[in-house]
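Residues in the sequence shown are numbered from 0 upward in steps of one, following numbering that gives the first Met the number 0.
Note that the Cβ used here is the ideal one computed from N, Cα and C, for glycine as well.
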Amino acid sequence: MINAEVEVEVIAEDGLSGEIWKFFVHSEREMRASYFARVSRPSKRHKWSVQAHWNQRNDRTATIKKSELCLTLEIMAQAKRAFIQRLEQNLVVSI
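In structure tokens, the structure reads:
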């Protein structure tokens, strides 16, 4: 069983707003979204401020409903690439 979390950031060109997605590798063949946040900041010198969020583990405190999430094919592809890159960096093959 693989236990891994992958984060994907989709940041606007101006660098002042974006989305943060976190995915949990559920099994050998499935990756599920576990967290989503819509973020913004007044300038690049500031940290991100969460405007709205959804969390699979604590859905009651979420400010966005799961049905409102827009998980695009591009975000799914980025999550796959991030997971594969993480595997390539950390995987050790031995006898």
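Boundaries of the beta strand (DSSP E) in which residue i is found, first to last residue
i, result
"Q50", "48-54"
Beta-carbon spacing of residue i, residue j below 8 Å
i, j, result
"W47", "R56", "no"
"A78", "M30", "yes"
"V49", "A36", "yes"
"I74", "V7", "yes"
Neighbourhood of residue i by C-beta, 7 Å cutoff - its chain only, sequence neighbours within 5 removed
i, result
"A3", "V24, F82, R85"
Proximal residues to residue i (C-beta, below 8 Å), its chain only, five neighbours per side dropped
i, result
"T60", "N54"
"E42", "According to the sequence shown, residue 42 is Ser rather than Glu. Closer than 8 Å at the Cβ level, and outside the excluded window around S42, lie L15."
Segment limits, alpha helix (DSSP H) that includes residue i
i, result
"A81", "72-89"
Own chain, CB closer than 6 Å to residue i, minus 5 neighbours either side, in chain order
i, result
"M0", "A caution first: M0 carries a pLDDT of 49, below 50, which makes its placement in the model too unreliable to give a value."
"A11", "G17"
Selection from the options that minimises the alpha carbon distance to residue i
i, options, result
"V5", "G14, I19, D13, C69", "I19"
Can you list, in chain order, the stretches of the beta strand (DSSP E) that have 3 or more residues and sit fully within the segment 7-67?
Counting only runs that start and end inside the segment 7-67, the beta strand (DSSP E) elements of at least 3 residues fall at 16-26, 29-39, 48-54.
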